[in-house]
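Read the structure below first, then the notes.
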Amino acid sequence: GAGVSQSPSNKVTEKGKDVELRCDPISGHTALYWYRQSLGQGLEFLIYFQGNSAPDKSGLPSDRFSAERTGGSVSTLTIQRTQQEDSAVYLCASSRSGTDSNQPQHFGDGTRLSIL
Amino acid sequence: AQRVTQPEKLLSVFKGAPVELKCNYSYSGSPELFWYVQYSRQRLQLLLRHISRESIKGFTADLNKGETSFHLKKPFAQEEDSAMYYCALGPEAIGNNRLAFGKGNQVVVIP
């Protein structure tokens with residue numbers, strides 16, 4: 271595709287429900303990243319995939335958060351038993367290579383998650 | 065630990081005035097530094113990176129290792145420069161090709 275695609279663009283759900291966020295990276299990009307953008311907190315790194323493996327999960331805030339990537343392409347970020355503090359914009363980015371720092375990260379539009 | 069510091073949350077400048085966004089980082093080695101910008105209703109995008117040493121949309125940023133700074137500057141602000149700006153460090157300083165972002169600067173250019 272032309273760019274990183276994320277769905278849904280907006281998600282409103284009740285506290286305690288599970289949510290699944292999807293990211294479709296740019297075709298051919300092997301590296302994929304999830305970030306969280308909260309008001310006043312900037313961008314917080316969550317997880318990084320190189321291919322289908324996640325060498326760095328250190329940013330996941332709790333065990334309610336998990337992510338997977340299949341076929342070296344689409345990734346899903348799952349939040350179980352959502353809490354109000356999970357409300358944020360979840361951004362996905364991809365880059366051509368996870369090992370070449372000269373390759374910039376391209377971001378999607380994000381999913382705005384609101385927990386009631 | 066906060067690796068990237070952007071001290072001013074909101075910066076208002078008049079059109080035609082100079083604008084400078086401060087960014088300081090924590091890393092003792094040779095850093096890789098970036099500025100990302102997010103215009104209203106648009107996605108976050110790369111503005112410039114220090115390795116390119118280029119000027120984009122009139123913006124420049126110089127790496128000062130002695131002061132561990134990478135301030136973004138533009139001599140004459142335009143209305144279309146109103147946006148959110150993020151300074152980022154990485155990935156060698158951070159590991160695993162991740163970027164560490166500052167908390168961002170909201171720039172408002174007053175006509």
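So the sequences go chain by chain: G and P.
Numbering (the working numbering) for the first sequence: 271 to 386.
Numbering (the working numbering) for the second sequence: 65 to 175.
Just so you know, even glycine gets a beta-carbon here, dropped at the ideal spot from N, CA and C.
Small disclaimer: the values here were computed from a predicted structure and weren't measured.
Continuous beta strand (DSSP E) stretch holding residue i: start and end
i          : result
Ala-141(P) : Looking at the DSSP string, Ala-141(P) is not in any beta strand (DSSP E), and its letter there is neither H nor E.
Thr-124(P) : 124 to 128
Ser-275(G) : 275 to 277
Arg-67(P)  : Here Arg-67(P) belongs to no beta strand (DSSP E), and DSSP marks it neither H nor E.
Leu-112(P) : 109 to 113
Counterpart residues of residue i in DSSP-defined beta bridges
i          : result
Gln-102(P) : Met-148(P)
Val-83(P)  : Lys-138(P)
Ala-358(G) : Leu-383(G)
Val-172(P) : Ser-76(P)
Gln-375(G) : Looking at the DSSP assignment, Gln-375(G) forms no beta bridge with any residue, so it has no partner.
Ser-90(P)  : Note: Ser-90(P) sits in no beta bridge, so no partner.
Leu-97(P)  : Leu-153(P)
Ala-164(P) : Leu-153(P)
Ser-133(P) : Asn-88(P) and Asn-128(P)
Burial state of residue i (16 or more Cβ within 10 Å)
i          : result
Lys-389(G) : Within the shown structure, residues of chain G are numbered from 271 to 386, placing residue 389(G) beyond reach of any answer.
Val-171(P) : buried
Glu-96(P)  : buried
Gly-380(G) : buried
Asp-145(P) : buried
Chain G within 9 Å of residue i, Cβ atoms only
i          : result
Lys-191(P) : A question about residue 191(P) goes unanswered here, because the residues of chain P that appear run from 65 up to 175.
Gln-168(P) : Here residue 168(P) is Gly; the residue named in the question, Gln, does not match the sequence. Chain G, which has a Cβ nearer than 9 Å to the Cβ of Gly-168(P), makes this yes.
Leu-110(P) : yes
Gln-142(P) : no
Leu-163(P) : yes
Tyr-91(P)  : no
Glu-103(P) : Going by the sequence as given, residue 103(P) is Tyr instead of Glu. Taking Cβ atoms only, chain G never reaches closer than 9 Å to Tyr-103(P), which makes this a no.
Lys-121(P) : no
Phe-134(P) : no
Phe-78(P)  : no
Arg-107(P) : yes
Arg-113(P) : yes
Lys-129(P) : no
Lys-137(P) : no
Closer than 9 Å to chain P by CB, residue i
i          : result
Asp-294(G) : no
Glu-387(G) : In the structure as shown, chain G begins at 271 and stops at 386. Residue 387(G) is therefore absent and cannot be evaluated.
Pro-331(G) : no
Phe-377(G) : yes
Ala-337(G) : no
Tyr-360(G) : no
Glu-355(G) : no
Val-344(G) : no
Glu-314(G) : yes
Pro-374(G) : yes
Ala-272(G) : no
Leu-341(G) : Checking the sequence, you will find Gly at residue 341(G) rather than Leu. For Gly-341(G), the answer is no, since every Cβ of chain P falls outside 9 Å of its Cβ.
Gly-380(G) : yes
Gly-298(G) : no
Gln-311(G) : yes
beta-carbon residue i near the ligand ZN non-hydrogen atom, thresh 8 Å
i          : result
Asn-169(P) : With respect to the ligand ZN, the structure shown offers nothing to examine, as it has no ligands at all.
Query raised in the report: Mind pulling the beta strand (DSSP E) runs of 3 or more residues that sit fully within the region 281 to 368 of chain G?
Result: Listed in chain order, they are 289 to 294, 301 to 308, 312 to 320, 323 to 326, 335 to 339, 345 to 349 and 358 to 365.
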